[in-house]
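The sequence shown: position 49 = 52 (our numbering), numbered continuously.
C-beta atoms are modelled at their ideal positions from N, C-alpha and C, and glycine is treated no differently.
What you are looking at is a predicted structure, and each value in this text was computed from that prediction instead of being measured.
First up is the structure itself, then whatever we jot down about it.
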Amino acid sequence: MKTILLVDDEQRMLDLLELFLAPHGYRCLQATDGQNAIELFKVEDVHLVLLDVMMPGMDGWEVCRRMREVSTVPVILLTARSDKSDVVKGLDLGADDYITKPFDERELIARVRVALRRTENENQSKTIHEGPFTLDLESYSILYDTYEVRLTLKEFYIIEAMMTRPNRTFTREDLLQVAWEYDTYTEVRTVDSHIRNLRDKLRKPNFPIDEILVTVWGIGYKWR
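Quick look at the structure:
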């Protein structure tokens with residue numbers, strides 16, 4: 004279970020963030036000021052920080068700067084201000100992303116997933132071996148034995164998610180978030196056409212790709 008530190012001086016906002024995040028399996032810690040956030044960050048195993056910028060006393064920029072001195076844990080800034088200079092200041096201090104209030108629940112969840120996935124990719128092995136396939140996370144390519152199979156970027160993101168979590172069933176919505184991040188205008192059925200393309204590209208002699216990249220009827224897909 005991933006732990007997310009929520010930092011905001013408004014309790015109502017903290018409760019709303021936890022209401023959005025908890026159903027997705029995230030453990031949430033709450034801090035109502037910068038100093039409390041720093042203290043929790045030091046003693047808890049935090050995987051991501053959602054950090055309000057405009058707080059009395061120690062503001063979010065200072066909190067971000069102090070966290071960056073000791074950790075590379077992803078930090079997403081929450082701001083009611085969309086002024087570009089504020090955004091640039093936060094990114095220069097080491098923030099990974101920002102969300103402007105008020106925000107959409109789906110966008111929040113998608114950005115959190117993207118930030119956590121980026122961290123997982125940085126920490127894991129650069130190659131994944133499954134049967135005759137080798138997935139190279141640095142070059143965004145997949146090899147069948149020694150032959151490269153050409154994939155689009157979205158096809159790569161889908162196969163990466165499934166090969167790094169074998170036997171997990173992904174819903175179409177899961178894969179939509181994986182490959183299209185927080186583009187909420189893409190139809191979920193688009194995933195089906197990408198799965199078909201993947202099967203066609205990975206279908207090789209004596210390798211039963213349809214028994215490996217399988218359909219879980221009524222739910223989605225998984226890599227067996």
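Hey, which unbroken runs of the beta strand (DSSP E) at 3 residues or more fall wholly within the region 19-92? Runs of the beta strand (DSSP E) inside the region 19-92: 30-34, 51-55, 78-82.
Quick one: grab the DSSP three-state call for Phe106. Looking at Phe106 - three-state DSSP - the assignment turns out to be coil, as it is neither helix nor strand.
With three or more C-beta pairs closer than 8 Å as the rule, is the region 98-109 touching the region 72-84? Enough Cβ pairs lie closer than 8 Å, so yes.
Would you give the residue range spanned by the alpha helix (DSSP H) that Asp195 belongs to? Following the DSSP letters along the chain, one finds Asp195 inside the alpha helix (DSSP H) bounded by residues 193-205.
Between which residues of its own chain and Ala40 is the CB-CB distance below 7 Å, once the five residues before and five after are set aside? Cβ neighbours of Ala40 beyond the five flanking positions: Leu8, Val10, Ala34, Val66.
Nearest by alpha-carbon distance to Leu216: which of Trp226, Phe210, Ile222 is it? Scanning Trp226, Phe210, Ile222 for the CA closest to the CA of Leu216 turns up Trp226.
Going by C-alpha distance, which of Asp203, Arg168, Lys157, Leu205 is nearest Val194? Looking at the Cα atoms, Lys157 is the closest of the given residues.
Which runs of the beta strand (DSSP E), 3 residues or longer, sit entirely within the region 136-179? Counting whole runs of 3 or more residues, the region 136-179 contains the beta strand (DSSP E) stretches 136-139, 144-147, 150-152.
Report yes or no: do the region 113-123 and the region 50-70 share at least 3 C-beta pairs separated by less than 8 Å? Output reads yes: the region 50-70 touches the region 113-123.
When the Cα atoms are used, what is the spatial distance from Gly97 to Lys5? Distance from the CA of Gly97 to the CA of Lys5, rounded to the nearest whole angstrom, comes to 21 Å.
Compare the Cα-Cα distances from Ser142 to each of Val181, Lys129, Glu72, Pro77 and report the closest residue. Ranking Val181, Lys129, Glu72, Pro77 by Cα distance to Ser142 puts Lys129 first.
By the DSSP assignment, the alpha helix (DSSP H) with Glu133 in it spans what residues? If you look at Glu133, you'll find it isn't in any alpha helix (DSSP H); it sits in the beta strand (DSSP E) that goes 130-133.
For Ile215, report the span of its alpha helix (DSSP H) as first-last. In the DSSP assignment, Ile215 falls within the unbroken alpha helix (DSSP H) covering 212-215.
Would you call Gln38 buried or exposed, if buried means 16 or more other Cβ atoms sit within 10 Å of its Cβ? Within 10 angstroms of the beta-carbon of Gln38 lie fewer than 16 other beta-carbons, which makes it exposed.
I'd like the span of the beta strand (DSSP E) that includes Ile222, first residue to last. Ile222: not part of any beta strand (DSSP E); DSSP gives it neither H nor E.
Give every residue of the same chain whose Cβ lies closer than 7 Å to the Cβ of Ala25, excluding the five residues on either side of it in the sequence, and list them in chain order. Here the set comprises Cys31.
So, with DSSP's three-state summary, where would you put Asp12? Residue state for Asp12 is assigned as coil, using DSSP reduced to three classes.
Could you tell me the distance, in whole angstroms, from the CA atom of Thr155 to the CA atom of Val46? Approximately 42 Å between the Cα atoms of the pair.
Strand pairing of Trp226, partner residues [DSSP]: Beta-bridge pairing links Trp226 to Leu216.
Nearest CA to the CA of Phe23: which residue from Arg15, Ala164, His132, Leu111? With distances taken between Cα atoms, Phe23 lies closest to Leu111.
Does the beta-carbon of Tyr150 have 16 or more other beta-carbons within 10 angstroms, so that it is buried, or is it exposed? Under this definition Tyr150 is an exposed residue.
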